[in-house]
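Numbering (the working numbering), first residue to last: 53 to 722.
In structure tokens, the structure reads:
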């Protein structure tokens with residue numbers, strides 16, 4: 053068995069860059085979730101809790117393109133006599149492929165390209181392989197960012213891989229250890245998440261596994277009861293496999309039977325010691341995964357057989373090569389069920405990934421329950437409950453082993469947090485994590501200076517900070533620094549404004565933003581004041597502060613701020629102002645997709661149909677999952693044309709029949 057650090061060449065794009073602006077969480081941190089009467093009271097506990105969008109202290113990753121070429125990516129390859137696993141450290145440690153040598157098959161959906169798209173918490177996300185989502189609802193903060201990767205050895209001298217990071221939003225440390233012993237037909241992962249503070253925090257974890265979608269791919273898990281999503285009513289309901297109320301008599305274990313994008317969650321019994329999920333294929337093989345019972349629940353997601361779903365699959369890959377479905381494992385009943393991780397606690401589990409060749413004919417029996425029982429027997433022969441519990445006990449013994457042989461760095465914030473703790477006499481970073489000082493970059497430099505000298509060094513007010521913080525220890529340090537001879541400067545006040553605004557302290561955020569602007573007029577102070585004005589629904593103040601900010605922003609920050617300003621104007625229906633301001637932009641900004649689409653939406657309201665028409669010929673980079681702007685514009689455009697022809701007698705239903713949406717712009721999920 054071997055573990056090696058290398059590089060691989062794949063067709064793709066450059067790694068996503070960050071938006072320089074801070075984006076703030078919603079004032080209501082919980083989502084509202086619609087429920088069908090079939091959901092019982094006990095099913096609703098923590099549903100929606102802490103699942104509203106949040107971003108800070110991270111920055112949005114929305115600077116990428118679709119200009120593909122052969123790109124060299126870092127890779128780590130683990131290999132034994134049966135399996136070959138390839139990981140991408142720069143994309144959240146994603147398991148890019150898992151090749152079974154005896155079957156001569158890749159067990160996962162392995163995307164032929166690396167193409168970011170707007171699906172993650174921080175925007176950039178790629179499809180394929182296995183993704184590890186820790187901390188916050190959605191495709192997590194690190195899904196398109198580097199992780200630390202180190203090669204360690206077990207008691208027998210066998211190498212294993214540790215991937216780890218410090219999660220700044222929830223103040224957690226987490227690592228994943230991957231073991232592939234000689235002769236093992238499964239890749240075994242040990243996961244450990246540590247909250248070493250006294251305070252409880254919200255938590256989230258799901259392993260997201262992309263597998264090949266075919267017409268005959270069939271999904272199985274140990275549970276029969278599922279929570280499903282009704283796409284028509286947007287309600288969660290409860291049913292039993294394989295015939296769900298939303299399926300009109302079709303078998304839900306075949307993802308191709310879903311016409312729309314959809315998902316369901318297997319409600320595994322708490323007595324189940326080793327939950328599992330599998331997908332079988334008619335050419336006599338299957339993929340399966342099994343875990344310890346902390347990872348209790350399972351999920352199926354598919355894009356659906358409609359045009360929009362197929363467009364999404366191709367959009368994330370190459371045309372005709374992107375067909376995949378997701379099977380997932382998580383700790384909560386659905387992904388919209390929140391979790392609380394208590395203070396001074398650790399979560400740990402194992403998850404094993406593998407495949408096998410077998411006669412799959414019996415697993416296509418019309419009776420899903422009968423087929424499931426037969427499949428479970430085969431899985432249980434390969435990976436028993438005792439094996440799972442034994443792996444948890446065995447692999448956990450290495451949890452505090454120090455990762456000395458680091459082959460790839462993650463962010464510098466783990467090292468910064470470790471230094472802060474040392475400097476302030478706080479408890480050390482948990483054992484098993486090593487964040488070398490050399491991992492720190494310019495992002496951490498101002499915060500290091502704050503720790504060492506008691507104040508944050510002032511920079512030119514035209515410069516946007518490289519990093520933001522949200523946690524109390526840093527806030528307290530900045531507060532104290534204001535009494536330092538050099539400490540009360542625009543940058544310290546601005547960073548305090550960011551912290552207070554993220555924490556919902558609007559009055560203090562306003563005070564610190566104004567103090568920052570008074571010390572030295574700077575664009576982010578005015579940007580924060582504009583955000584606060586928007587929260588107070590004071591459109592006049594929003595306009596004034598936004599214009600002041602735009603007068604001072606330069607480069608990429610100017611583009612980002614202009615986009616937010618245009619989106620605000622659209623939300624308050626200032627169509628004429630949008631159009632006039634768009635015409636004033638330099639040509640390179642007019643070509644920016646985000647500004648252009650706002651202008652198109654305004655042009656539609658102003659009946660400038662010639663301008664709108666061009667929107668249907670472009671290729672788009674940043675369309676958000678579930679966003680329907682392009683399809684809405686298409687139908688409204690053709691409705692306007694037909695009304696002009698007929699004098700207003702046409703209906704939207706008729707337009708939908710007459711003018712099907714071109715596949716190029718069809719990103720509907722239902």
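Beta carbons are placed, not taken as given, at the ideal position from N, Cα and C, and that holds for glycine.
Remember, predicted model here, so these are calculated numbers, not experimental data.
{"Query": "Hey, how far is the Cα of residue 333 from the Cα of residue 258?", "Result": "24 Å"}
{"Query": "How many angstroms separate the CA atom of residue 140 from the CA atom of residue 212?", "Result": "16 Å"}
{"Query": "Quick one: complete beta strand (DSSP E) runs, 3+ long, within the stretch 98-172?", "Result": "121-131, 135-140, 146-152, 169-172"}
{"Query": "Output yes if chain C places a C-beta closer than 9 Å to the C-beta of residue 656; else output no.", "Result": "The structure shown contains no chain C, having only a single protein chain."}
{"Query": "Going by C-alpha distance, which of 428, 581, 406 is nearest residue 414?", "Result": "428"}
{"Query": "Taking its Cβ as the centre, do 16 or more other Cβ atoms sit within 10 Å of residue 584, making it buried, or is it exposed?", "Result": "buried"}
{"Query": "In whole angstroms, what is the alpha-carbon distance linking residue 458 and residue 89?", "Result": "52 Å"}
{"Query": "Residue 151 and residue 135: beta carbons closer than 9 Å?", "Result": "yes"}
{"Query": "Any idea what DSSP makes of residue 615, helix, strand or coil?", "Result": "helix"}
{"Query": "Residue 431 and residue 330: beta carbons closer than 9 Å?", "Result": "yes"}
{"Query": "Using the C-alpha atoms, what's the distance from residue 575 back to residue 267?", "Result": "54 Å"}
{"Query": "Kindly indicate which three-state DSSP category residue 222 falls into: helix, strand or coil?", "Result": "coil"}
{"Query": "Is residue 501 helix, strand or coil when you go by DSSP?", "Result": "helix"}
{"Query": "Would you mind sorting residue 59 into buried or exposed? The rule is 16 or more other CB atoms within 10 Å of its CB.", "Result": "exposed"}
{"Query": "Spatial neighbours of residue 153 within its chain, please: C-beta separation below 8 Å, excluding the five flanking residues on both sides.", "Result": "133, 134, 135, 136"}
{"Query": "Can you tell me whether residue 526 is helix, strand or coil according to DSSP?", "Result": "helix"}
{"Query": "Quick one: give me the first and last residue of the alpha helix (DSSP H) that residue 426 is part of.", "Result": "420-434"}
{"Query": "Three-state secondary structure (DSSP) at residue 391?", "Result": "strand"}
{"Query": "If distances are taken between C-alpha atoms only, which option among 386, 239, 374, 440 comes closest to residue 281?", "Result": "386"}
{"Query": "Give the secondary structure of residue 206 by DSSP, where H, G and I count as helix, E and B as strand, and everything else as coil.", "Result": "coil"}
{"Query": "For the alpha helix (DSSP H) that residue 277 lies in, which residues bound it at each end?", "Result": "Run containing residue 277: none in the alpha helix (DSSP H); it sits in the beta strand (DSSP E), 277-282."}
{"Query": "Skipping 5 residues on each side, what residues in its chain have a beta carbon closer than 7 Å to that of residue 370?", "Result": "164, 165"}
{"Query": "Which residue's Cα is closest to the Cα of residue 273: 299, 338, 472?", "Result": "338"}
{"Query": "Please look up how many angstroms separate the CB atoms of residue 525 and residue 472, rounded, as I've assumed it's under 8 Å.", "Result": "6 Å"}
{"Query": "Does the separation of the CB atoms of residue 450 and residue 242 fall below 9 Å?", "Result": "yes"}
{"Query": "Any chance the stretch 375-382 sits against the stretch 290-302, with 3 or more Cβ pairs inside 8 Å?", "Result": "no"}
{"Query": "Count the other CB atoms, across all protein chains shown, that sit within 10 Å of the CB of residue 480; report buried if there are 16 or more and exposed otherwise.", "Result": "exposed"}
{"Query": "So, with DSSP's three-state summary, where would you put residue 383?", "Result": "coil"}
{"Query": "If we call anything under 9 Å between Cβ atoms a contact, is residue 119 one with residue 608?", "Result": "no"}
{"Query": "Taking buried to mean at least 16 other C-beta atoms within 10 Å of its own C-beta, is residue 297 buried or exposed?", "Result": "exposed"}
{"Query": "Does the stretch 299-315 come into contact with the stretch 396-406, if we say contact requires no fewer than three beta-carbon pairs (one atom in each stretch) closer than 8 Å?", "Result": "no"}
{"Query": "In whole angstroms, give me the CA-to-CA distance for residue 318 and residue 405.", "Result": "18 Å"}
{"Query": "Here's the rule: buried if 16 or more other CB atoms are within 10 angstroms of the residue's CB, otherwise exposed. What is residue 255?", "Result": "buried"}
{"Query": "Please classify residue 347 as buried or exposed, where buried requires at least 16 neighbouring CB atoms within 10 angstroms.", "Result": "buried"}
{"Query": "Would you identify the three-state DSSP class for residue 91, choosing helix, strand or coil?", "Result": "coil"}
{"Query": "Would the beta-carbon of residue 316 be found less than 8 Å away from any heavy atom of the ligand PLP?", "Result": "Because no ligand of any kind appears in the structure shown, any question about the ligand PLP cannot be addressed here."}
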